[in-house]
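Chemist: Provided herewith is a single structure, encoded as structure tokens, for subsequent inquiry.
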Amino acid sequence: MKRIYRLKFYINASHAIRWEKGIGQKHNHTWEIVCEFKGLNDKFISFFEAEKVVRNILDKFEGTYLNETPTFQNINPTLENVTEVFFERLSQDIKKVDGQLVQVEIAEKPTHIFRIEAEDDL
Numbered sequence: 011m012k013r014i015y016r017l018k019f020y021i022n023a024s025h026a027i028r029w030e031k032g033i034g035q036k037h038n039h040t041w042e043i044v045c046e047f048k049g050l051n052d053k054f055i056s057f058f059e060a061e062k063v064v065r066n067i068l069d070k071f072e073g074t075y076l077n078e079t080p081t082f083q084n085i086n087p088t089l090e091n092v093t094e095v096f097f098e099r100l101s102q103d104i105k106k107v108d109g110q111l112v113q114v115e116i117a118e119k120p121t122h123i124f125r126i127e128a129e130d131d132l
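Quick note on numbering: the sequence shown equals residues 11 to 132 in the working numbering.
Structure follows, in structure tokens:
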């Protein structure tokens, strides 16, 4: 049996895609972030503690223009890259509450969704 926690968050942030011939138009999104994790050694995890870990990451981006944040100064803030950055940070930080990241799914709108799953051997 697998025991998977699922948390859903929303943040408002804008971005503009950098193209070879310049930068696209700045535009806003209400980003939907869904993360799934499990407890190490099948332990139970406090939802409150897990939410604090996720919020600590997300709050740095709430209400920002992603292109101007230190994180995305040199990273193109595409949906794929935003998901990858968040996945990498959360996979490390969730360990603080004895969690192991299973996947992160981010949508910049209901029809544009990108997901990264952890490798099975974790």
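Note that the Cβ used here is the ideal one computed from N, Cα and C, for glycine as well. Here the structure is a predicted model, which means the values were calculated and not measured.
Just to confirm my understanding: we take residue 44, look at its own chain, exclude 5 residues before and 5 after, and list those with CB closer than 6 Å. What are they?
Modeler: Closer than 6 Å at Cβ, skipping near neighbours: 18, 115.
Chemist: What does the alpha-carbon distance come out to for the pair residue 122 and residue 102?
Modeler: Each residue's Cα considered, the two are about 26 Å apart.
Chemist: Measure the alpha-carbon distance for residue 63 versus residue 46 and round it to whole angstroms.
Modeler: So the two alpha carbons sit approximately 13 Å from each other.
Chemist: Residue 30: which of 59, 108, 86 sits nearest, CA to CA?
Modeler: Residue 86 is the option with its Cα nearest to residue 30.
Chemist: Note down the Cα distance separating residue 40 from residue 54, rounded to an integer number of angstroms.
Modeler: Straight-line Cα distance between these residues: approximately 30 Å.
Chemist: Measuring only the C-alpha atoms, how far is residue 118 from residue 14?
Modeler: One C-alpha to the other measures close to 24 Å.
Chemist: How many Å lie between residue 11 and residue 48 at the Cα?
Modeler: For residue 11 and residue 48, the distance between alpha carbons rounds to 12 Å.
Chemist: Please state whether the Cβ-Cβ distance between residue 72 and residue 126 is less than 8 Å.
Modeler: Against a cut-off of 8 Å, the Cβ pair of residue 126 and residue 72 comes out as no contact.
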